[in-house]
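Structure first, commentary second.
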Amino acid sequence: YLYDNRYAGDKVIRVVPENDKEAETLKILSQQLQVDLWQPGSISYISKNAITDVRVTRNNSQILLSCLQQANIHYKVLISDLQKAVEKQSGSRSSRNRR
Amino acid sequence: SLSGYSYEIYHSLEEIQNWMYHLNKTRSDLVHMFCVGKSYEGRPLFVLKLGKRSAGYKKAVWIDCGIHAREWIGPAFCQWFVKEALHTYQSDPAMRRMLNQLYFYIMPIFNVDGYHFSWTHDRFWRKTRSKNSRFHCHGVDANRNWKVNWCDEGASLHPCDDTYCGPFPESEPEVKAVAHFLRQHRKQMKAYLSFHAYAQMLLYPYSYKYAMIPNFSCVESAAFNAVNALQSVYGIRYQYGPASSTLYVSSGSSMDWAYKNGIPYAFAFELRDTGHFGFLLPETLIKPTCTETMLAVKNITMHLLKKC
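Same order as they appear, the protein sequences are chains A and B. Each residue of the first sequence is one higher than the one before, counting from 1 in the working numbering. Each residue of the second sequence is one higher than the one before, counting from 100 in the working numbering.
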């Protein structure tokens with residue numbers, strides 16, 4: 001596996017907060033779960049209508065998703081298994097490596 | 100050999116540096132490689148000077164890719180640009196005019212340590228790899244470390260944050276080296292272009308404040324024509340505008356510094372996509388992304404050669 005399979009089960013989740021309350025909830029969750037913010041550049045930019053993509057580890061993704069559901073915040077799973085996506089991105093390389 | 104080098108896959112730092120050495124050796128008519136300094140971990144910071152050698156004075160365009168390590172499509176575009184320039188210099192009148200009248204300084208990988216780290220340890224690493232004396236965290240955001248409104252809104256003073264501005268402006272050897280080069284060549288530089296991902300945007304100053312730049316109409320029209328040229332290829336829409344209002348406010352950015360340093364046209368491209376793949380843009384999309392971006396960059400360059 002590339003990167004020693006360290007991204008197995010990680011997810012990338014998109015949230016577009018519909019109001020300030022949702023934005024605040026997402027900021028707190030992002031801080032507590034130490035997500036890797038793909039966009040915007042930092043947690044301070046998370047605001048109403050700001051497209052927010054977070055990478056979250058397998059364990060934390062269940063916590064994040066259940067919190068979002070409880071808070072009735074809409075989300076979309078952009079990448080459901082990051083390791084597979086990493087392997088797929090450079091398909092030619094991993095097959096080259098295997099060769 | 101160069102003919103075996105694929106521009107439609109991502110390459111490691113070593114492969115890209117070997118590619119640069121090869122071009123420097125085999126295409127000395129249009130390419131000259133030089134080093135502007137060393138990275139934090141001691142790697143050379145290579146730049147390709149592209150253009151028909153001229154005894155006379157020529158204006159120049161600076162293009163850098165890979166300020167943020169995980170944004171691999173950036174370095175892929177820098178390589179694509181060089182390939183296209185060399186391959187079409189004879190056949191394309193526009194490209195011939197560009198390389199005859201201008202020099203292009205191309206820095207395929209700005210953040211060499213971070214890029215290497217994103218290949219070997221953490222695919223989603225963003226920052227440089229400098230060590231912090233007080234915290235266990237590594238790295239500074241190389242796009243928050245420039246001496247322009249340094250560490251103001253949109254940057255963090257905490258060393259573990261992704262937008263950490265560093266202990267002081269130009270603390271990062273990579274930033275210091277490029278800033279020094281651009282300062283030295285400030286009179287020659289007509290444009291500064293920096294390639295990032297992902298968001299599909301073409302941004303211009305200011306990042307650090309909501310205000311209009313003095314030459315707004317010229318820059319705006321260049322951006323408008325560039326995104327339309329880009330869209331004409333595959334229909335991909337890029338937003339364009341001042342970074343502060345189009346993306347978000349951020350301080351210490353290279354684009355703002357270049358503009359403040361006297362370069363009249365400063366742009367930051369946020370290449371594909373808008374999040375379906377994010378940083379993991381598949382290699383199958385390198386060609387369309389670079390093809391459309393090539394048109395945008397040629398459009399901007401031709402704008403520079405006209406009077407605005």
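Where a beta carbon is used, it is the ideal one built from N, C-alpha and C, also for glycine. Everything numeric in this text was worked out from a predicted model, so none of it was measured.
Minimum Cβ-Cβ distance from residue i to chain B less than 7 Å
i: Pro-40/A; result: yes
i: Leu-78/A; result: yes
i: Tyr-3/A; result: yes
i: Ala-85/A; result: yes
i: Tyr-75/A; result: no
i: Gln-89/A; result: yes
i: Arg-98/A; result: Because Arg-98/A sits at a pLDDT of 47, beneath the cut-off of 50, its placement in the model cannot be relied upon, and the following sentence gives the value as read from the coordinates. No, its Cβ sits nowhere closer than 7 Å to a Cβ of chain B.
i: Asp-53/A; result: yes
CB of residue i within 7 Å of CB of residue j, strictly
i: Ser-138/B; j: Glu-252/B; result: no
i: His-402/B; j: Ala-321/B; result: yes
i: Ser-42/A; j: Thr-262/B; result: yes
i: Tyr-358/B; j: Met-300/B; result: no
i: Phe-234/B; j: Pro-268/B; result: no
i: Leu-201/B; j: Val-146/B; result: no
i: Ile-335/B; j: Ala-175/B; result: no
i: Tyr-291/B; j: Ile-208/B; result: no
i: Ser-343/B; j: Tyr-305/B; result: yes
i: His-237/B; j: Arg-228/B; result: yes
i: Phe-203/B; j: Leu-149/B; result: yes
i: Gly-213/B; j: Ala-168/B; result: yes
i: Ser-70/B; j: Ser-232/B; result: Since the displayed chain B opens at 100 and closes at 407, residue 70/B lies outside it and no answer follows.
i: Tyr-104/B; j: Trp-118/B; result: yes
i: Glu-183/B; j: Met-393/B; result: yes
Simplified DSSP assignment, three categories, for residue i
i: Trp-224/B; result: coil
i: Lys-88/A; result: helix
i: Ser-306/B; result: coil
i: Arg-402/B; result: It should be noted that the sequence gives His, not Arg, for residue 402/B. Helix at His-402/B.
i: Asn-205/B; result: Note that residue 205/B corresponds to Ile in the displayed sequence, not to Asn. Looking at Ile-205/B - three-state DSSP - the assignment turns out to be strand.
i: Gly-141/B; result: coil
i: Thr-274/B; result: Just to set this straight, residue 274/B is Val in the shown sequence, not Thr. Three-state DSSP puts Val-274/B in a helix.
i: Glu-369/B; result: strand
i: Tyr-333/B; result: helix
i: Pro-313/B; result: coil
i: Gln-283/B; result: helix
i: His-110/B; result: coil
i: Leu-147/B; result: strand
i: Phe-323/B; result: helix
i: Cys-259/B; result: coil
i: Cys-177/B; result: helix
i: Arg-99/A; result: Low confidence applies here, because Arg-99/A scores a pLDDT of 44, under 50, leaving its location unreliable and the question unanswered by this model.
i: Ala-184/B; result: helix
i: His-235/B; result: coil
i: Gln-116/B; result: helix
i: Val-247/B; result: coil
i: Gln-83/A; result: helix
Where the beta strand (DSSP E) containing residue i begins and where it ends
i: Asp-355/B; result: That residue, Asp-355/B, is in no beta strand (DSSP E); its alpha helix (DSSP H) goes 353-359.
i: Ala-159/B; result: 158-164
i: Ile-13/A; result: 11-15
i: Leu-198/B; result: Not the beta strand (DSSP E): Leu-198/B falls in the alpha helix (DSSP H), residues 192-200.
i: Gln-31/A; result: Gln-31/A -> not in any beta strand (DSSP E); alpha helix (DSSP H) instead, spanning 20-32.
i: Val-77/A; result: 76-79
i: Gly-38/A; result: In the sequence as presented, Gly is not what sits at residue 38/A; that position holds Trp. Its beta strand (DSSP E) spans residues 36-39.
i: Ser-293/B; result: 288-296
Contact with chain A by residue i, beta-carbon distance below 7 Å
i: Tyr-263/B; result: no
i: Pro-381/B; result: yes
i: Tyr-307/B; result: no
i: Arg-222/B; result: yes
i: Gly-374/B; result: yes
i: Gly-377/B; result: yes
Delimiting residues of the alpha helix (DSSP H) encompassing residue i
i: Thr-219/B; result: 211-219
i: Ser-61/A; result: 58-70
i: Ala-342/B; result: 342-345
The ligand NAP heavy atom lying under 6 Å from the CB of residue i
i: Lys-182/B; result: Ligands are entirely absent from the displayed structure, and the ligand NAP is therefore not among its contents.
- Message: So if I threshold CB-CB distances at 8 Å, which residues from the region 107-141 of chain B count as touching chain A?
- Response: Ile-108, Tyr-109
- Query: Going along the region 169-191 of chain B in order, which residues come within less than 9 Å of chain A, judged by CB to CB distance?
  - Reply: Arg-169, Trp-171
- Item | chain A contacts from the region 287-300 of chain B (Cβ-Cβ distance under 7 Å) | Ala-298
- Query: Name the residues in the region 20-36 of chain A whose C-beta lies less than 8 Å from a C-beta of chain B; which are they?
  - Reply: Asp-36
- Return the residues of the region 344-357 of chain B that lie within a Cβ-Cβ distance of less than 7 Å from chain A, sorted by chain order. Tyr-347, Ser-349
- Query: Which residues, in chain order, does the region 258-284 of chain B contribute to contact with chain A at a C-beta distance below 9 Å?
  - Reply: Asp-260, Asp-261, Thr-262
- Item | Against chain A: residues of the region 222-242 of chain B by CB proximity under 7 Å | Arg-222, Phe-223
- Query: At a Cβ cut of 8 Å, what residues of the region 318-342 of chain B count as close to chain A, listed as they run along the chain?
  - Reply: none
- Query: Taking Cβ-Cβ distances below 9 Å as the criterion, which residues of the region 151-164 of chain B are in contact with chain A?
  - Reply: none
- Message: Any C-beta of chain B within less than 9 Å: which residues of the region 5-20 of chain A qualify?
- Response: Arg-6, Tyr-7, Val-12, Arg-14
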